[in-house]
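J.: In the UniProt record's numbering, the protein residues as written are 1 to 110.
Quick reminder that beta carbons are idealized off the backbone N, C-alpha and C, glycines included.
1) Could you tell me which whole beta strand (DSSP E) segments of length 3 or greater appear in the stretch 2-61?
2) Mapping the DSSP letters down to three states, classify residue 88 as helix, strand or coil.
3) Starting from residue 71 and walking both ways along the beta strand (DSSP E), at which residues does that stretch end?
4) Distance check for residue 64 and residue 18, CA to CA, integer angstroms please.
5) Taking 8 Å as the threshold (beta carbon to beta carbon), is residue 87 in contact with chain C?
6) Whose C-beta lies closer than 8 Å to the C-beta of residue 2 among residues of the same chain, with five residues either side of it excluded?
7) What would DSSP say about residue 95, mapped onto helix, strand or coil?
8) How many angstroms separate the CA atom of residue 67 from the CA atom of residue 31?
9) Let me confirm a value: residue 40 is counted as buried when at least 16 other C-beta atoms fall within 10 Å, else exposed. Which label applies?
10) Assuming residue 62 and residue 45 make a contact with CB atoms under 8 Å, what is their CB distance in whole Å?
11) On a CA-only basis, which of 26, 16, 54 is nearest residue 42? Give me that one, please.
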């Protein structure tokens with residue numbers, strides 16, 4: 001996950017509370033353009049295992065995902081800004097899964 005800093009530069013999301021703008025699609029050198037997927041599906045490196053099931057009834061997928069301090073995905077608590085919804089499970093850290101990018105806040109009533 002990535003976010004914008006005060007200068008408007010794309011930087012790695014640095015916490016679960018960071019509001020991400022999307023998922024980085026390339027590895028740009030310093031001062032080069034970052035390619036960021038803002039909506040749709042994307043591959044995401046997970047920092048931990050993640051179930052495919054989530055809070056959405058009738059939908060077989062859906063674990064809610066946020067960024068850790070390295071920009072990798074972790075399973076969200078209900079009251080965090082949600083950066084993505086898992087479309088498949090991750091069995092371990094550093095596994096790459098497909099996610100649906102979202103920009104939502106999940107209140108405790110989800």
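T.: Answer, in terms of the structure:
1) 2-4, 10-12, 40-45
2) coil
3) Neither: residue 71 is in no beta strand (DSSP E) and is coded neither H nor E.
4) 15 Å
5) Included in the structure is just one protein chain, with no chain C present.
6) 10, 11, 12, 13, 20, 21, 22, 23, 24, 34, 36, 71
7) coil
8) 23 Å
9) exposed
10) With a Cβ gap of about 19 Å, residue 62 and residue 45 do not count as contacting.
11) 26
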